[in-house]
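Asker:
In the working numbering, the protein residues as written are 1 to 249.
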């Protein structure tokens, strides 16, 4: 009799697991699958059985062709499940998408952040409104209405730029002109907020007399070299700043 009472007492304290998730379709009889428990459970649905964090990302505009065709091509929009951060890559070449864009993005996702990536259709070259204009026959950078819409769905943008401030400040102005989004600029050249404010870009510490952008630059990370492996300390710096601003937006 004592044994029965003890078992009854234990069963009252620890009800069978399936009672908590049982519904009219008897979902307890179904396997949780590779993405862990069902979406209506309180547990994180992106935790896989291996103890890693699984992220669902919708990738690739078109299939790659030729040498290096496995890389994401122009107009690719790799959309994360949650619209937290969007990363802008200027082009699909290894000088952009693999290093540093992919390395930074991988670090952010490994830190548990939901990150989308867009490979710009026309991200390489000067803008049309840059003083002096584009060289004859050279490419012109810009942003399409579809890309602006994709950016606007996110809370924070990371814009990967280059090493010529007189060139890329106008790119930043063009990308943020019609999109009301806070942005972090990642580049190689040692620039400051005043360099962007001079061309009419709204920045956190400096507001231009005649703002020409709806978006705003809230932080800058310099010293990131395109086409080269990014040091771990720089990845950690970017992760720290992204988390800082996401907690305050």
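For every residue, glycine included, the Cβ atom is placed at its ideal position computed from N, Cα and C.
Quick caveat: nothing in here was measured; it's all calculated off a predicted structure.
For the beta strand (DSSP E) that residue 219 lies in, which residues bound it at each end?
Answerer: 216 to 221
Asker: Where in the region 111 to 193 do unbroken runs of the alpha helix (DSSP H), each at least 4 residues long, occur, reported from the N-terminal end onward?
Answerer: 145 to 152, 165 to 176
Asker: In the structure shown, what three-state DSSP assignment does residue 249 receive?
Answerer: coil
Asker: Do residue 160 and residue 85 have their CB atoms nearer than 9 Å?
Answerer: no
Asker: When you compare only the Cα positions, how much space is there between residue 242 and residue 131?
Answerer: 32 Å
Asker: Can you pull the DSSP bridge partners for residue 78?
Answerer: 117
Asker: Once you ignore the five residues that flank residue 111 on each side, which residues in its own chain have a CB closer than 7 Å to its CB?
Answerer: Hits under 7 Å: 239.
Asker: Take the Cβ of residue 219 as the centre, count every other Cβ of all protein chains shown within 10 Å, and call the residue buried at 16 or more, exposed below.
Answerer: buried
Asker: Going by beta-carbon coordinates alone, are residue 224 and residue 104 separated by less than 9 Å?
Answerer: yes
Asker: Quick check on DSSP: helix, strand or coil for residue 87?
Answerer: Residue 87 falls in the strand class under three-state DSSP.
Asker: Figure out for me which residue from 179, 120, 210, 166 has the closest Cα to the Cα of residue 149.
Answerer: 179
Asker: With DSSP as the reference, label residue 98 as helix, strand or coil.
Answerer: Reduced to three states, the DSSP call for residue 98 is helix.
Asker: Between 106, 208, 79, which lies nearest to residue 232 when the distance is taken from Cα to Cα?
Answerer: 106
Asker: Which of helix, strand or coil does DSSP assign to residue 200?
Answerer: coil
Asker: Is residue 228 helix, strand or coil when you go by DSSP?
Answerer: Here residue 228 carries a coil assignment [DSSP, helix/strand/coil].
Asker: Is the beta carbon of residue 122 less than 9 Å from the beta carbon of residue 141?
Answerer: In contact: residue 122 and residue 141 (Cβ atoms closer than 9 Å).
Asker: Out of 198, 172, 163, state which residue places its alpha-carbon closest to the alpha-carbon of residue 210.
Answerer: 198
Asker: Going by DSSP in three states, residue 212 sits in which element: helix, strand or coil?
Answerer: coil
Asker: Could you tell me the distance, in whole angstroms, from the CA atom of residue 194 to the CA atom of residue 77?
Answerer: 31 Å
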